[in-house]
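The sequence shown runs 2 to 264 under this note's numbering. Beta carbons: idealized from backbone N, C-alpha and C, even for Gly. Written out below as C-alpha coordinates is the structure these notes cover.
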Amino acid sequence: MRRTLLLALACLALLGGQAQAGQTCSENPPTAETLQKAFRLALKTRDALEASGAEVALIARVGQDLSKYRLRYSHLGFAWRDHPQGRWLVVHMLNQCGTAHSDLFNEGLANFFLDDLFAWEGLVVVPGAEMQKKIAASLREGHFVRLHEPSYNMLAYPFSTRYQNSNQWALEVMADATGPGPLSGRVEAQQWLKANGYAPTTLEIPAMTRLGGRMFRANIAFDDHPSERRWAGQIDTVTVESVFAFVAARDPASKRVLVRLDQ
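So this is what it looks like as C-alpha coordinates:
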(Lines of atoms letter the chains of each structure in order from A; the text may use other names.)
(Lines give C-alpha, C1' and ligand atoms only; values in the text may rest on other atoms or scores of the structure.)
Protein backbone atom coordinates (compact mmCIF):
# COMPACT_ATOMS: atom_id res chain seq x y z
CA MET A 2 0.00 0.00 0.00
CA ARG A 3 2.77 2.44 0.96
CA ARG A 4 4.66 1.72 -2.27
CA THR A 5 1.49 2.27 -4.32
CA LEU A 6 0.79 5.57 -2.55
CA LEU A 7 4.34 6.82 -3.09
CA LEU A 8 4.15 5.90 -6.78
CA ALA A 9 0.84 7.75 -7.12
CA LEU A 10 2.31 10.85 -5.48
CA ALA A 11 5.34 10.67 -7.77
CA CYS A 12 3.05 10.47 -10.79
CA LEU A 13 1.10 13.54 -9.66
CA ALA A 14 4.36 15.44 -9.22
CA LEU A 15 5.45 14.47 -12.72
CA LEU A 16 2.18 15.72 -14.19
CA GLY A 17 2.50 19.13 -12.56
CA GLY A 18 1.28 22.43 -14.03
CA GLN A 19 -1.37 22.44 -16.71
CA ALA A 20 -2.73 18.91 -16.94
CA GLN A 21 -4.34 19.37 -20.37
CA ALA A 22 -1.95 21.77 -22.07
CA GLY A 23 -0.57 20.65 -25.38
CA GLN A 24 -2.09 17.22 -25.44
CA THR A 25 -3.51 15.65 -28.58
CA CYS A 26 -6.93 16.91 -29.73
CA SER A 27 -8.24 13.37 -30.02
CA GLU A 28 -11.56 12.77 -28.30
CA ASN A 29 -10.23 9.45 -27.02
CA PRO A 30 -8.47 9.58 -23.64
CA PRO A 31 -4.94 8.14 -23.46
CA THR A 32 -4.82 4.41 -22.86
CA ALA A 33 -3.41 2.86 -19.70
CA GLU A 34 -0.38 1.73 -21.69
CA THR A 35 0.24 5.27 -23.00
CA LEU A 36 -0.03 6.72 -19.50
CA GLN A 37 2.34 4.11 -18.14
CA LYS A 38 4.93 4.79 -20.84
CA ALA A 39 4.68 8.56 -20.38
CA PHE A 40 5.27 8.25 -16.62
CA ARG A 41 8.15 5.81 -17.09
CA LEU A 42 9.84 8.11 -19.58
CA ALA A 43 9.22 11.08 -17.29
CA LEU A 44 10.81 9.25 -14.34
CA LYS A 45 13.86 8.31 -16.40
CA THR A 46 14.15 11.89 -17.64
CA ARG A 47 13.86 13.30 -14.13
CA ASP A 48 16.58 10.92 -12.95
CA ALA A 49 18.81 12.07 -15.82
CA LEU A 50 18.17 15.72 -14.97
CA GLU A 51 18.91 15.17 -11.29
CA ALA A 52 22.09 13.26 -12.11
CA SER A 53 23.28 16.09 -14.37
CA GLY A 54 23.24 18.61 -11.53
CA ALA A 55 21.56 21.09 -13.87
CA GLU A 56 19.51 24.11 -12.85
CA VAL A 57 17.86 24.33 -16.26
CA ALA A 58 18.10 22.20 -19.40
CA LEU A 59 16.57 21.93 -22.84
CA ILE A 60 14.33 18.93 -23.37
CA ALA A 61 13.02 17.58 -26.69
CA ARG A 62 10.47 14.96 -27.70
CA VAL A 63 9.66 12.94 -30.83
CA GLY A 64 6.09 14.04 -31.51
CA GLN A 65 5.93 12.93 -35.14
CA ASP A 66 7.92 11.13 -37.81
CA LEU A 67 10.12 13.76 -39.47
CA SER A 68 12.60 11.32 -40.98
CA LYS A 69 11.83 12.41 -44.56
CA TYR A 70 13.30 15.79 -43.58
CA ARG A 71 16.27 14.09 -41.87
CA LEU A 72 15.03 15.28 -38.47
CA ARG A 73 14.34 13.33 -35.29
CA TYR A 74 12.87 15.72 -32.71
CA SER A 75 9.77 17.85 -33.20
CA HIS A 76 9.44 20.05 -30.12
CA LEU A 77 11.48 21.42 -27.23
CA GLY A 78 11.08 23.35 -24.01
CA PHE A 79 12.99 24.39 -20.90
CA ALA A 80 13.09 21.92 -17.99
CA TRP A 81 13.48 24.16 -14.94
CA ARG A 82 14.52 22.56 -11.66
CA ASP A 83 13.38 25.30 -9.28
CA HIS A 84 10.11 26.33 -10.93
CA PRO A 85 7.84 28.09 -8.38
CA GLN A 86 5.06 25.56 -9.11
CA GLY A 87 7.17 22.46 -8.61
CA ARG A 88 10.49 20.75 -9.28
CA TRP A 89 11.44 20.08 -12.89
CA LEU A 90 8.52 21.66 -14.69
CA VAL A 91 8.75 22.28 -18.42
CA VAL A 92 8.19 25.82 -19.71
CA HIS A 93 7.28 25.76 -23.39
CA MET A 94 5.10 27.23 -26.12
CA LEU A 95 2.24 25.25 -27.64
CA ASN A 96 -0.51 25.81 -30.14
CA GLN A 97 -3.87 24.31 -29.32
CA CYS A 98 -5.54 21.62 -31.44
CA GLY A 99 -4.04 22.53 -34.81
CA THR A 100 -4.95 26.21 -34.54
CA ALA A 101 -2.86 29.25 -35.46
CA HIS A 102 -2.85 30.52 -31.86
CA SER A 103 -0.26 29.66 -29.20
CA ASP A 104 0.21 30.12 -25.47
CA LEU A 105 2.96 29.51 -22.94
CA PHE A 106 2.56 26.62 -20.51
CA ASN A 107 4.15 25.09 -17.42
CA GLU A 108 3.87 21.30 -17.43
CA GLY A 109 5.21 18.33 -15.54
CA LEU A 110 7.53 15.94 -17.34
CA ALA A 111 4.84 13.27 -17.73
CA ASN A 112 2.47 15.72 -19.36
CA PHE A 113 5.28 16.81 -21.69
CA PHE A 114 5.49 13.22 -22.94
CA LEU A 115 1.71 12.69 -23.16
CA ASP A 116 1.32 14.34 -26.56
CA ASP A 117 0.68 11.31 -28.80
CA LEU A 118 4.38 10.68 -29.37
CA PHE A 119 5.83 8.93 -32.41
CA ALA A 120 8.64 7.45 -30.30
CA TRP A 121 9.15 7.12 -26.55
CA GLU A 122 12.37 9.04 -26.44
CA GLY A 123 13.62 12.34 -25.09
CA LEU A 124 16.82 14.29 -25.58
CA VAL A 125 18.13 16.49 -22.79
CA VAL A 126 20.71 19.17 -23.55
CA VAL A 127 22.40 20.57 -20.46
CA PRO A 128 24.09 23.91 -21.15
CA GLY A 129 27.23 25.00 -19.35
CA ALA A 130 26.84 26.58 -15.92
CA GLU A 131 27.01 30.17 -17.19
CA MET A 132 24.35 29.71 -19.85
CA GLN A 133 22.15 27.84 -17.36
CA LYS A 134 22.37 30.71 -14.91
CA LYS A 135 21.30 33.24 -17.54
CA ILE A 136 18.39 31.15 -18.84
CA ALA A 137 17.17 30.45 -15.29
CA ALA A 138 17.25 34.19 -14.54
CA SER A 139 15.15 34.87 -17.65
CA LEU A 140 12.60 32.27 -16.56
CA ARG A 141 12.57 33.50 -12.98
CA GLU A 142 12.18 37.17 -13.89
CA GLY A 143 9.58 36.56 -16.61
CA HIS A 144 11.59 37.97 -19.52
CA PHE A 145 10.57 35.00 -21.67
CA VAL A 146 6.97 36.23 -21.85
CA ARG A 147 7.78 39.30 -23.96
CA LEU A 148 9.46 37.08 -26.56
CA HIS A 149 6.18 35.25 -27.21
CA GLU A 150 4.15 35.84 -30.39
CA PRO A 151 0.67 34.23 -30.21
CA SER A 152 0.34 33.99 -34.03
CA TYR A 153 1.54 30.43 -34.53
CA ASN A 154 3.05 28.99 -37.69
CA MET A 155 4.60 25.54 -37.65
CA LEU A 156 7.06 26.61 -40.37
CA ALA A 157 7.67 30.20 -39.27
CA TYR A 158 10.59 31.98 -40.93
CA PRO A 159 13.39 32.44 -38.35
CA PHE A 160 14.07 36.09 -39.19
CA SER A 161 10.52 37.44 -39.31
CA THR A 162 8.32 38.49 -36.41
CA ARG A 163 5.00 37.87 -38.19
CA TYR A 164 4.63 34.37 -36.74
CA GLN A 165 6.46 32.09 -34.35
CA ASN A 166 6.82 28.37 -33.82
CA SER A 167 7.53 26.66 -30.51
CA ASN A 168 11.21 26.01 -31.14
CA GLN A 169 11.69 29.57 -32.39
CA TRP A 170 10.31 30.96 -29.14
CA ALA A 171 12.80 28.88 -27.12
CA LEU A 172 15.66 29.99 -29.38
CA GLU A 173 14.75 33.66 -29.02
CA VAL A 174 14.51 33.28 -25.24
CA MET A 175 18.06 31.91 -25.26
CA ALA A 176 19.22 34.81 -27.42
CA ASP A 177 17.70 37.28 -24.97
CA ALA A 178 19.17 35.47 -21.98
CA THR A 179 22.68 34.83 -23.28
CA GLY A 180 23.26 37.89 -25.46
CA PRO A 181 25.11 41.05 -24.39
CA GLY A 182 22.15 42.11 -22.22
CA PRO A 183 18.35 42.10 -22.17
CA LEU A 184 17.17 42.65 -25.74
CA SER A 185 14.35 44.99 -26.73
CA GLY A 186 12.23 42.24 -28.27
CA ARG A 187 11.99 39.73 -31.09
CA VAL A 188 13.55 41.94 -33.78
CA GLU A 189 16.72 42.45 -31.76
CA ALA A 190 16.79 38.78 -30.72
CA GLN A 191 16.66 37.68 -34.36
CA GLN A 192 19.33 40.20 -35.34
CA TRP A 193 21.57 38.83 -32.59
CA LEU A 194 20.97 35.24 -33.71
CA LYS A 195 21.83 36.05 -37.32
CA ALA A 196 24.95 37.97 -36.30
CA ASN A 197 26.11 35.12 -34.06
CA GLY A 198 25.84 32.32 -36.59
CA TYR A 199 22.47 30.72 -36.03
CA ALA A 200 21.68 28.56 -39.09
CA PRO A 201 18.07 27.43 -39.59
CA THR A 202 17.09 24.10 -41.08
CA THR A 203 16.17 24.24 -44.77
CA LEU A 204 13.27 21.97 -45.71
CA GLU A 205 12.67 20.97 -49.33
CA ILE A 206 8.91 21.50 -49.78
CA PRO A 207 7.49 21.47 -53.35
CA ALA A 208 4.88 24.00 -54.44
CA MET A 209 1.95 21.57 -54.40
CA THR A 210 2.81 20.40 -50.91
CA ARG A 211 3.00 24.02 -49.76
CA LEU A 212 -0.35 24.77 -51.36
CA GLY A 213 -1.98 21.80 -49.65
CA GLY A 214 -0.51 22.76 -46.29
CA ARG A 215 -1.67 26.36 -46.61
CA MET A 216 -5.19 25.42 -47.68
CA PHE A 217 -5.90 22.62 -45.25
CA ARG A 218 -3.84 23.43 -42.15
CA ALA A 219 -4.64 26.52 -40.07
CA ASN A 220 -1.21 26.43 -38.44
CA ILE A 221 0.92 26.49 -41.60
CA ALA A 222 1.73 29.63 -43.60
CA PHE A 223 4.50 30.63 -45.98
CA ASP A 224 3.87 34.36 -46.47
CA ASP A 225 6.59 35.31 -43.98
CA HIS A 226 9.29 33.59 -46.07
CA PRO A 227 11.42 35.43 -48.67
CA SER A 228 9.78 35.04 -52.08
CA GLU A 229 12.87 33.77 -53.90
CA ARG A 230 13.43 31.03 -51.32
CA ARG A 231 9.77 30.09 -51.17
CA TRP A 232 9.35 29.73 -54.94
CA ALA A 233 12.49 27.59 -55.05
CA GLY A 234 10.91 25.23 -52.52
CA GLN A 235 13.48 26.18 -49.87
CA ILE A 236 11.71 26.70 -46.54
CA ASP A 237 13.95 27.84 -43.70
CA THR A 238 12.63 27.27 -40.20
CA VAL A 239 13.68 26.70 -36.59
CA THR A 240 13.93 23.02 -35.67
CA VAL A 241 15.09 21.25 -32.54
CA GLU A 242 18.20 20.08 -34.36
CA SER A 243 19.14 23.60 -35.46
CA VAL A 244 18.67 24.93 -31.92
CA PHE A 245 20.80 22.18 -30.41
CA ALA A 246 23.51 22.73 -33.05
CA PHE A 247 23.57 26.43 -32.16
CA VAL A 248 23.85 25.65 -28.44
CA ALA A 249 26.73 23.24 -29.08
CA ALA A 250 28.58 25.83 -31.18
CA ARG A 251 28.06 28.65 -28.67
CA ASP A 252 28.57 26.58 -25.53
CA PRO A 253 31.19 23.81 -25.80
CA ALA A 254 30.48 22.92 -22.16
CA SER A 255 26.96 21.75 -23.03
CA LYS A 256 26.18 18.03 -22.80
CA ARG A 257 23.54 15.77 -24.37
CA VAL A 258 21.71 12.97 -22.58
CA LEU A 259 19.50 10.58 -24.56
CA VAL A 260 16.61 9.05 -22.59
CA ARG A 261 14.71 6.07 -24.01
CA LEU A 262 12.33 3.51 -22.57
CA ASP A 263 14.20 0.62 -24.17
CA GLN A 264 17.57 1.52 -22.66
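Between the alpha carbons of residue 59 and residue 200 lies a distance of about 18 Å.
Residues 61, 74, 257, 259 of the same chain have their beta carbon placed closer than 7 Å to that of residue 124, with the five preceding and five following residues left out of the count. With fewer than 16 other beta carbons inside 10 angstroms of its own, residue 68 counts as exposed. In the structure shown, residue 136 adopts helical secondary structure according to DSSP, grouped into three states. Between the alpha carbons of residue 192 and residue 151 lies a distance of about 20 Å.
The beta-bridge partner set that DSSP reports for residue 79 consists of 59, 92. One thing to note: residue 140 has its Cβ within 8 Å of the Cβ of residue 57. Short of 7 Å from the beta carbon of residue 96, and not among the five residues preceding or following it, lie these beta carbons of its own chain, in chain order: 102, 103, 153, 220. With a cut-off of 8 Å on Cβ pairs, the segment 125-145 is not in contact with the segment 106-115, counting fewer than three such pairs.
For residue 112, no beta strand (DSSP E) segment is defined; the enclosing uninterrupted segment is the alpha helix (DSSP H) at 110-113.
The bridge partners DSSP lists for residue 29 come to none. As the crow flies, the alpha-carbon of residue 35 is around 43 Å from that of residue 228. Under the DSSP assignment, residue 256 falls in the beta strand (DSSP E) whose first and last residues are 256-261. Counting only residues of its own chain and dropping the five nearest sequence neighbours on each side, residue 225 has a CB closer than 6 Å to the CB of 158, 161, 163, 164. Scanning 63, 175, 184 for the CA closest to the CA of residue 136 turns up 175. When rounded, the separation of the alpha-carbon atoms in residue 184 and residue 147 is 10 Å. Bridge partners of residue 105 according to DSSP: 94. Secondary structure note for residue 127: its beta strand (DSSP E) is the uninterrupted segment 120-127.
DSSP places residue 205 in the strand class (E or B) of the three-state scheme. Boundaries of the alpha helix (DSSP H) harbouring residue 177: 167-179, taken from the DSSP string. For residue 264, there is no enclosing alpha helix (DSSP H), as DSSP gives it neither H nor E. When DSSP reads this structure, residue 236 sits in a beta bridge with 204. Within 10 angstroms of the beta-carbon of residue 232 lie fewer than 16 other beta-carbons, which makes it exposed. Collapsing the DSSP output to three states places residue 149 in coil. DSSP places residue 226 outside both helix and strand once states are collapsed to three, so it counts as coil. Taking 8 Å as the upper bound for CB-CB distance, residue 223 and residue 156 are in contact here, some 7 Å apart.
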